[in-house]
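Chemist: One structure follows; several queries about it will come next.
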Amino acid sequence: MKCSLCRFSGGHLQLPVLLIFVVSQGSAGISVRRNTDGQGEAGAISLTLHASPSSGLQAHRWGVSGSTRPSRHQIGQHHILTSFLARDTRRRETPPSLVHAIDYVGEVQVGSPPQSFRVLFDTGSGNLILPSSRCKESPACRSHRTYNASASKTSQQVAWLDNATAGPLDAWSRDTQHVAFGAGQAWGQLARDRVCFGGSLCATANFVEALEESDAPFREARWDAVVGLAPNISLAKEYNVFAALAEAHALSRPAFAFFLGRGLRDGAELTLGGWRPDRAASPLVWANMSDPGYWQIKLSDLVVAGKPLNLGCGCEGCCQAVLDSGSSVIMGPPFLIRLLQEKLNVSENCTDRTFPSVGFSLQSREGQERTLTLEPEDYMDREANEGTQYCWAHFMPMEDPGRGPVLVLGMPFLRKFYTVFDFGNQAIGFALARQPPRD
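Per the numbering used here, residue 450 is the first one in the sequence shown, and the count goes up by one each step.
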């Protein structure tokens, strides 16, 4: 079948897609919930994630480059009213104000004895990147927790990317990886150590120990490090931390799930080793992965206000979408985002206006056509100020990331749908998220 909009086609992505919003630094306690009460799978744990607002909102695109990865390119910056994120999300106007979180921060422990780091858990990238205590010249490193290899009894230096355990013969016989970001960059060396989630799920894994970081975006970030959770785009298989947990039999099931609260105070968590049925308000809809590298699926069409856009998704490799917990927005090819913006007709001044729903149609693993629908309150921030209502739709254009354009389903989608990432079955499950009742 010929694709009527063949520009919305893509095969395997060569570049990880992680879009975050730089936030002011803060602190929050991290808690762990073990699923022993019948509300989740035995042996799984749930890590509390802490949502954050921001002032001076800026969007940046990230990526990893090194001896095996090309650099990534900046997609630009988008500024919205800082008042959007400076107010209580539970305060109500008419229509209700609703401001969503722009990042979710958890914690991991590395080394023996364990060193704790605030991290972003990112399904759109595949590596753990930690700032090093040897990173002395960069203010970005000095403003965050850093990894001290000499303080860990289980730390190993790694010489080369093609050998996960061989140490360097001398100080000069060691590979250096370049990590390129849209707003900055970092350089690091390879290391290996014990990595733990919640203090109890542990495995030995490889990672990048950053020795230099640019001010943007690191210096003002609320997190110290990034944990990549993509299935198969790590620098090498030993650098896939979740796979290392599975191989160490630390998990009851090779799967994890994200729950992201609708508002800043509604809670968020990452469940490792399974999922929590009590977080789902509907049965899970399972879709097979269309590419083993990313959490990538094939869409059948997009639907606005219940009407299909007829994108012509029947062709081979067309209408691909990636689930990305590291993206604060939904991104896609410029022509497709323009089409959605035209259909939605969202303007900054949206006083007394209503907007249509946006749906993503897919074929389930059982062969059924299902549409996962976002309502306006799911895909936009809305705020009232002195009688005027302001809106910002969370859609952003993104250039071709490597081999064909794709749609990146970030936090707006993951807030609406409790999402299960199943390594073992190469599938992704979607259910309506059971959100707390509104005040």
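All C-beta atoms in this analysis are idealised placements derived from N, C-alpha and C, irrespective of residue type, glycine included.
(1) Going along the chain, which residues of its own chain have a beta-carbon closer than 7 Å to the beta-carbon of glutamate 586, five neighbours each way excluded?
(2) Is leucine 748 helix, strand or coil when you go by DSSP?
(3) Under 7 Å between the Cβ atoms of threonine 603 and arginine 567?
(4) Measuring only the C-alpha atoms, how far is proline 741 from glutamine 790?
(5) What separation, rounded to the nearest whole angstrom, lies between the Cα atoms of glycine 648 and aspartate 611?
(6) From glutamine 769 to aspartate 619, what distance separates their C-alpha atoms?
(7) For the stretch 792–851, which segments carrying the alpha helix (DSSP H) assignment without a break, of at least 4 residues, lie completely within its bounds, in sequence order?
(8) Within its chain, find whatever has a CB closer than 6 Å to the CB of glutamine 875; leave out the 5 residues flanking it on each side and keep chain order.
(9) Would you report the Cα separation of alanine 896 and glutamine 606, rounded to the nearest angstrom?
(10) If you run the structure through DSSP and keep just helix, strand and coil, what is glycine 861?
(11) Could you have a look at glutamate 662 and say whether DSSP puts it in helix, strand or coil?
(12) Write down every uninterrupted run of the beta strand (DSSP E) in the stretch 571–635 whose length is 3 residues or greater and which is fully enclosed by it, in chain order.
(13) Where in the stretch 675–712 do unbroken runs of the alpha helix (DSSP H), each at least 4 residues long, occur, reported from the N-terminal end onward?
(14) At what residues does the beta strand (DSSP E) containing leucine 758 begin and finish?
(15) Suppose you measure from the CA of methionine 829 to the CA of aspartate 727; what does that come to, to the nearest Å?
(16) Based on Cα-Cα distance, which residue from Val753, Gly781, Ser574, Ile682 lies nearest to leucine 793?
(17) Note down the Cα distance separating leucine 863 from valine 857, rounded to an integer number of angstroms.
(18) Within its chain, find whatever has a CB closer than 8 Å to the CB of proline 861; leave out the 5 residues flanking it on each side and keep chain order.
(19) Give the C-beta separation of arginine 668 and proline 617 to the nearest angstrom, bearing in mind that I take them to be a contact with Cβ-Cβ under 8 Å.
(20) Determine, using beta carbons only, whether alanine 659 comes closer than 7 Å to chain B.
(21) In the DSSP assignment, the beta strand (DSSP E) including phenylalanine 870 goes from what residue to what residue?
(22) Please classify arginine 591 as buried or exposed, where buried requires at least 16 neighbouring CB atoms within 10 angstroms.
(23) Taking the beta carbon of proline 886 as the centre, do at least 16 other beta carbons fall within 10 Å, making it buried, or is it exposed?
(24) Which residues in the same chain as glycine 873 place their Cβ atom closer than 6 Å to its Cβ, once the five residues preceding and following it in sequence are excluded?
(25) Quick test of your reading: alanine 613 and glutamate 687, contact by CB under 8 Å. State the CB separation rounded to the nearest angstrom.
Modeler: Result, derived from the coordinates:
(1) Answer for glutamate 586: Glu661, listed in chain order.
(2) The three-state reading of DSSP puts leucine 748 in strand, counting E and B together.
(3) No. Outside cutoff.
(4) If I take the Cα positions, the gap works out to 31 Å.
(5) Distance between glycine 648 and aspartate 611, taken at the CA atoms: about 30 Å.
(6) Counting only the Cα atoms, aspartate 619 lies some 46 Å from glutamine 769.
(7) Complete alpha helix (DSSP H) runs here, min 4: 825–828.
(8) Around glutamine 875: Met738.
(9) It is not possible to answer for residue 896, since the shown part of the chain is limited to 450 through 888.
(10) Here the sequence assigns proline to residue 861, which means glycine is not the residue at that position. Note: proline 861 maps to helix in three-state DSSP.
(11) Assigned with DSSP and collapsed to three states, glutamate 662 falls in strand.
(12) Here the runs fully enclosed are 577–580, 605–607, 625–630.
(13) Secondary structure within the stretch 675–712: the alpha helix (DSSP H) runs of 4 or more consecutive residues, fully enclosed, are 690–696 (chain order).
(14) Bounds of any beta strand (DSSP E) do not take in leucine 758, whose DSSP letter is neither H nor E.
(15) In this model, methionine 829 and aspartate 727 are separated by some 26 Å (Cα to Cα).
(16) Looking from the CA of leucine 793, the closest CA among Val753, Gly781, Ser574, Ile682 belongs to Val753.
(17) If you take the alpha carbons of leucine 863 and valine 857, they lie about 11 Å apart.
(18) His549, Val778, Ile779, Leu823, Asp827, Tyr828, His843.
(19) Going by Cβ atoms, the distance from arginine 668 to proline 617 rounds to 30 Å, so no, they are not a contact pair.
(20) Included in the structure is just one protein chain, with no chain B present.
(21) Unbroken beta strand (DSSP E) run through phenylalanine 870: 866–871.
(22) In summary, arginine 591 is exposed, with fewer than 16 beta-carbon neighbours lying within 10 Å of its beta-carbon over all protein chains present.
(23) Classification for proline 886: exposed.
(24) If we look at glycine 873 and ignore the five residues flanking it on each side, its Cβ neighbours are Pro703.
(25) Between alanine 613 and glutamate 687, the beta carbon gap of about 4 Å places them in contact (Cβ cut-off 8 Å).
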